[in-house]
Structure formats: structure tokens, C-alpha cells
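First to last, the sequence lines map onto chains Y and G.
Numbers 521 to 762, taken from the working numbering, label the letters of the first sequence in order.
Numbers 3 to 293, taken from the working numbering, label the letters of the second sequence in order.
For glycine and all other residues, C-beta sits at the position ideal for the given N, C-alpha and C.
In this text the structure is predicted, and so the values were computed from the model without any measurement.
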Amino acid sequence: MPLLEIRNLVVRYGEIEALRGITIAVEAGQVVTLLGANGAGKSTTLRAISGLAKPTSGEILFDGQSIAGLGPEAIVRLGISHVPEGRRVFPGLTVKENIMLGASNRKASSAQISREADAMFDLFPDIRAFADALGWTLSGGQLQMVAVARGLMAKPRLLLLDEPSLGLAPVIVQAVFRIISQIRKDTTVLLVEQNARMGLSVADHGFVLETGRIVLGGKPDELWGNEAIAAAYLGGHAKASA
Amino acid sequence: MDLVLQLLFTGIGIGAVYALVALGFVLIFRATNVVNFAQGEFSMVAAYLMVVFSVDLGWPYWLSFLIALGGMALLGVIFNLGVYYPLRHRTFLPVIIATIGASILLSNSVLAIYGPQPQVLQGWFDTPGIQLGPVYLDSQYLLIIAVTIALVFFNYWFFEKTLLGKKLQATSQDKEMASLLGISVSTMIMITFIYSAVLGGLAGLLVAPVLFVSIQMGSTIALKAFAATIIGGFGDVAGAIIGGLALGVIETFGAAYISVPYKDGFAFLVLVAFLIFRPQGIFGERVAEKA
Numbered sequence: 521m522p523l524l525e526i527r528n529l530v531v532r533y534g535e536i537e538a539l540r541g542i543t544i545a546v547e548a549g550q551v552v553t554l555l556g557a558n559g560a561g562k563s564t565t566l567r568a569i570s571g572l573a574k575p576t577s578g579e580i581l582f583d584g585q586s587i588a589g590l591g592p593e594a595i596v597r598l599g600i601s602h603v604p605e606g607r608r609v610f611p612g613l614t615v616k617e618n619i620m621l622g623a624s625n626r627k628a629s630s631a632q633i634s635r636e637a638d639a640m641f642d643l644f645p646d647i648r649a650f651a652d653a654l655g656w657t658l659s660g661g662q663l664q665m666v667a668v669a670r671g672l673m674a675k676p677r678l679l680l681l682d683e684p685s686l687g688l689a690p691v692i693v694q695a696v697f698r699i700i701s702q703i704r705k706d707t708t709v710l711l712v713e714q715n716a717r718m719g720l721s722v723a724d725h726g727f728v729l730e731t732g733r734i735v736l737g738g739k740p741d742e743l744w745g746n747e748a749i750a751a752a753y754l755g756g757h758a759k760a761s762a
Numbered sequence: 003m004d005l006v007l008q009l010l011f012t013g014i015g016i017g018a019v020y021a022l023v024a025l026g027f028v029l030i031f032r033a034t035n036v037v038n039f040a041q042g043e044f045s046m047v048a049a050y051l052m053v054v055f056s057v058d059l060g061w062p063y064w065l066s067f068l069i070a071l072g073g074m075a076l077l078g079v080i081f082n083l084g085v086y087y088p089l090r091h092r093t094f095l096p097v098i099i100a101t102i103g104a105s106i107l108l109s110n111s112v113l114a115i116y117g118p119q120p121q122v123l124q125g126w127f128d129t130p131g132i133q134l135g136p137v138y139l140d141s142q143y144l145l146i147i148a149v150t151i152a153l154v155f156f157n158y159w160f161f162e163k164t165l166l167g168k169k170l171q172a173t174s175q176d177k178e179m180a181s182l183l184g185i186s187v188s189t190m191i192m193i194t195f196i197y198s199a200v201l202g203g204l205a206g207l208l209v210a211p212v213l214f215v216s217i218q219m220g221s222t223i224a225l226k227a228f229a230a231t232i233i234g235g236f237g238d239v240a241g242a243i244i245g246g247l248a249l250g251v252i253e254t255f256g257a258a259y260i261s262v263p264y265k266d267g268f269a270f271l272v273l274v275a276f277l278i279f280r281p282q283g284i285f286g287e288r289v290a291e292k293a
């Protein structure tokens, strides 16, 4: 049984049908990458899984249990942590406070959470020096590190990462992806990326979304092998956004 | 010089009341992005609760005080569930109008029960005050200042040093992200309403022996407190406290040196001056950090 299974998921925002019946599965221990252009429905897929967007129809099963229609607070308690687009680091809280709040989905003492947040800096040494800096003072790359660290504090069984490379310099993008390849040792990851080259480099499986539909799915080398797709989504686009 | 010190003491005392109510404004504004126009009525209702238990029923002062504060916590819960919660997904306008409606409901309910004549409430202490050199320190004003100082420290500790305080801050900065982390946004907002109602109630209980207990006391205090939040920098906790104290001092000096009948006018004169020359308030720049 896959850890996450989505069947015929439809999400409408008013008149707009953002997802038109997508079906994907994520096996435990895998990194699965969702590729696609702006507005293809990648973020909506993650928002539906984490409970921010209400599915119009279709099923979302986590560990065999239906989670469609649950609120975000309930879903993160089940072990799905969503690091949303734009990082959303709390600007008026310090880096360490931001990371500590990532553990809000489980019961633990503040002292315990504080120790765990300190330990998180071992995985993200670049932000250790900024532990007491307020969120709004950080650079884009630092914010992304904080956002991922905060997401991991939930001790998720499934981590949803939305465009971690967006707006970052190439060298920072590489640092972020090094971290993703570290995370995958313990955590299943569903990754949304416009940067196809980086997105597929860490993936076990990839899906390509186009205007709310899955148009292609397969192992990374199979996706590279599909010429039309490689030209449209992987080749030219990867260059443009990398 | 003696008069200056005396006025300063009185001004800070009355300003501390404005500061407490202003703090309630700011906390609710930060959590819900809505100005609660019933914040002043919290002070009025608490003062009348005090009259019920302490004067009418003759219960001990401290016990009546605690019961009144407990009543305010309950009112905070009811207010949240009845006024804010049903409208939480709407824009700010329906919510603001609902708080105005709640304000009218509260003041007229009290009017229906107690009638328009003001009530008198004794101060906490039997001793009216102490003479310290040239300055006479009224015991009730001393209590107001002491409680406000204690609350400023409590507020700092609560929001800066506890995980719950951080969750409240996170909720006020980005509700959707807070919910993604598993923070119960509705619980955080409930806590904010309870805390703000208790703060407003405390201000009412403390100032009631200085003023009369009347239906209008809420709106008078709320207008001053609202002016204080704008002077301090809207949405800023330190600004609300500094603004409240400044306003109390300004209107006390204005009354003493310029004109007593225009006492209330000075607060609004200062408010207008700030709106023209420094609309972001004293601590205005820091508001941007919240966004």
C-alpha cells in the first residue's frame, strides 16, 4: 500500500477547475517530484493534501486512511508536513522560534522542543548563526532553510515541499537539494518543482502536470527519454528557471 | 514644580487605564485584523459587575473583584463565539460592524438593568492616600500604576518567553501557516479575546472608583485608548502602552494649565496632530515587521 494515494482528485476555486481528476501514488521512502508550468495545479495538489484546499471530489488516502476534508491542523498531526510556496517564515519571530513552532503538531515540553530545534541546526549549519535573528531579516536561501527545518520539526512521515528552489541563486539551490537528499533517508518527500533538472535529480518517480491533469508519469530517466516532454518541460524550461 | 509632579502622577495614573484598554485593542487587532469597538464596554461591564457584587450584594471587595474578572473572561468567550467566530471568514467590515452592534447591545442591556444614574464604587484601600514630600499619592492611582506595571511585565513574559505566547504571535502574523504547523488558530483567537476582555475589565475595575460607574464610561475610555493606539503606532504593543501614558499626562496637564472643560479635547487634538504629521505613530516603523 502506498503511503499517499490520490485518486481522481478534483479541486475547484469558484469557476476555475484547478485540478481535473489527478491520480498519483507515493510509496513510503520515495521522493516523488511533481513537475509542470505555472498554474498547472502543482501547488493546489499540495494544498489539497495538507487541507488548505477543499477537494471538490476524489480521494486522498494517507496510510490507507481518508484525509480529504480534514483541516490542516488535523492533517499535520497525522504526520504530513507542508512547507508551502513562499516559505512563510513568521517575520516577527526569531529563526529558532520559527523552528520550534514546527513541533506544534505533537505533545512535547518546551525544553524538549528547544533541544530538538538546536539539533536541527546540525542539518542546517548555515542558519545556526542566525538562530536569534528575526525572520524578516533573512535572505531567500536562509528563509528556505528555516522553512524546511520547521517542516521537519513536525517529525513528518510525509514532507510536502513546494518550489524550494524558487528565486534562489544556483549555488543556494544546490545546497537546498543536498539537504533534500539528506532528508530522504528518513522521510518520504513529495516535491513540487519548476526546475525540472534539479527536481528529477533527487526523485525516484516523477509526474508532469499540465492544466490540472497528469500528462505523464514515470521514473526520471523515462521522463528524460520522452522527447516531446523533455523539450517542453525539462530542456528549455529547466534552463530558463535554473 | 510641586504641581508638575502632582499632575505627572495623576496623568500617569489615568494614562495607565488607557494603556490597558489600548493593549486589549492591539492584541485583538493583531490576532484578527479587526478593531474591536466593544473593547470599552468590557471596562463598563466589569465596573457594573463590581457594583453588583461589592455594593448590591455586599460581598468582600477582593472576592467581587475576582468574580468580576472571571465574568469578563466568560464575556470574552461569549464575545468570540457570538460576534467574531461566525464572521471569521468574512472581510473585516462585517466583523467591525458586529463589534459596534455588540457594543450597543452591552451598553443598553446595562442601561435597562441599572438605569441612567451613575453608581459609586469605593476604592480598594481604606486609606485615601499618602503624602510623599510635595506630592499626594492617591491610593487608587498607586494601585492602577502598580497593576499596569505588573501587567506590562506579565505581557512581555507571556508573549516573549512562553511557547503559547509565540503561538499567539505566529497566529497573528500568518494564520494559514500557523494552522499548517498544527497550531489551533481558533483556540489562539479565543485566548486573545479572553485576555483582552480581562484587560479591559481590569481597566474598568481600577478606574471605576476614580470616575463614576456609568454607561458612558466605556465609550469615553475606549475613545482615549483608541487615540493612544494611533499615537503609539497602530498594532504595536509598546506603542499602546506609551501612547496611553502619554495621553493621560497630556490631558491632565492640558486641563490644569489650559482649560478644564476642554480636558477631553486635548486627547483628540494630539490625535489629529499625529494623524497629520506622523500617521504611523511613535513606533510606526515596526508595524511593517508584522506584515
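- A distance below 6 Å between beta-carbons, with the five flanking residues on each side excluded, links L25 (chain G) to the following residues of its chain, in chain order: L201 and A242.
- V239 (chain G) is not a Cβ neighbour of V53 (chain G), given a cutoff of 7 Å.
- Shown in chain order are the members of the region 159-186 of chain G whose Cβ falls below 7 Å from a Cβ of chain Y: L165, K168, K169, Q171, A172, Q175, D176, E178, M179, S181, L182, L183, G184, I185 and S186.
- Membership of Y20 (chain G) in the alpha helix (DSSP H) is indicated by the continuous run D4 to T34.
- For R527 (chain Y), the enclosing beta strand (DSSP E) stretches over residues L524 to Y533.
- Using a Cβ-Cβ cut-off of 7 Å, N625 (chain Y) counts as an interface residue toward chain G, since at least one Cβ of chain G sits closer than that to its own.
- In this structure, Y:S701 is the residue among Y:S701, Y:G591 and Y:E747 with its C-alpha nearest to the C-alpha of V551 (chain Y).
- Segment contact: the region 82-92 of chain G against the region 9-29 of chain G, fewer than three CB-CB distances shorter than 8 Å; contact not assigned.
- A contact between stretches requires three or more CB pairs, one per stretch, nearer than 8 Å, and the region 173-187 of chain G meets this requirement with the region 602-618 of chain Y.
- Neighbours of A674 (chain Y) in chain G, taken as residues whose beta carbon is under 8 Å from its own, are L183 and G184 in chain order.
- For A148 (chain G), the secondary structure class from DSSP, reduced to helix, strand or coil, is helix.
- In this structure, the alpha-carbon of E162 (chain G) lies about 7 Å from that of K168 (chain G).
- In the three-state reduction of the DSSP assignment, S216 (chain G) falls in the coil class.
- With respect to L165 (chain G), S563 (chain Y) sits apart: the two C-beta atoms are not nearer than 7 Å.
- When Cβ-Cβ separations below 7 Å define contact, L524 (chain Y) makes no contact with chain G.
- For V122 (chain G), there is no enclosing alpha helix (DSSP H), as DSSP marks it with neither H nor E.
- Around S570 (chain Y), the beta-carbon contacts reaching into chain G at under 8 Å are L182.
- Checking the DSSP bridge columns, you'll see Y138 (chain G) partnered with G:Q133.
- For L247 (chain G), the enclosing alpha helix (DSSP H) stretches over residues V239 to Y259.
- Between the region 101-109 of chain G and the region 40-49 of chain G there are three or more inter-stretch CB-CB distances shorter than 8 Å, so the stretches are counted as touching.
- In chain order, V53 and V215 place their CB closer than 6 Å to the CB of Q121 (chain G), counting only its own chain and leaving out the 5 sequence neighbours on each side.
- The region 552-571 of chain Y and the region 593-601 of chain Y touch, with three or more beta-carbon pairs separated by less than 8 Å.
- Listed along chain G, the residues sitting closer than 8 Å to G622 (chain Y) by beta-carbon distance are L183.
- Taking a Cβ-Cβ threshold of 8 Å, the residues of chain G close to S630 (chain Y) are T164 and L165, in chain order.
- Between the region 637-650 of chain Y and the region 192-206 of chain G there are fewer than three C-beta pairs closer than 8 Å, too few to call the two in contact.
- Per DSSP, the beta bridge partners of H602 (chain Y) are Y:L680.
- With a beta-carbon spacing of about 17 Å, Q171 (chain G) and G235 (chain G) fall beyond the 8 Å limit used to define contacts.
- Counting only the Cα atoms, V666 (chain Y) lies some 51 Å from L7 (chain G).
- Sequence-distant partners of A180 (chain G) (beyond 5 residues in either direction) whose C-beta falls short of 8 Å from its own C-beta, in its chain, are K169, A172, T173, V187 and M190.
- Looking from the CA of F195 (chain G), the closest CA among G:R32, G:I14 and G:Q142 belongs to G:R32.
- If you look at A545 (chain Y), you'll find it in the beta strand (DSSP E) that goes I536 to V546.
- By the C-beta criterion, the region 577-594 of chain Y is judged not to be in contact with the region 135-153 of chain G, since fewer than 3 inter-stretch pairs fall below 8 Å.
- A Cβ-Cβ contact shorter than 7 Å links G220 (chain G) with S45 (chain G).
- Ranking Y:A548, Y:K739, Y:A689 and Y:A557 by CA distance to the CA of L679 (chain Y) puts Y:A548 first.
- Within the region 595-619 of chain Y, the residues whose Cβ lies closer than 7 Å to any Cβ of chain G are, in chain order, V596, R597, H602, P604, R608, F610, P611, G612, L613 and E617.
- E547 (chain Y) is outside the set of residues whose beta carbon lies under 7 Å from a beta carbon in chain G.
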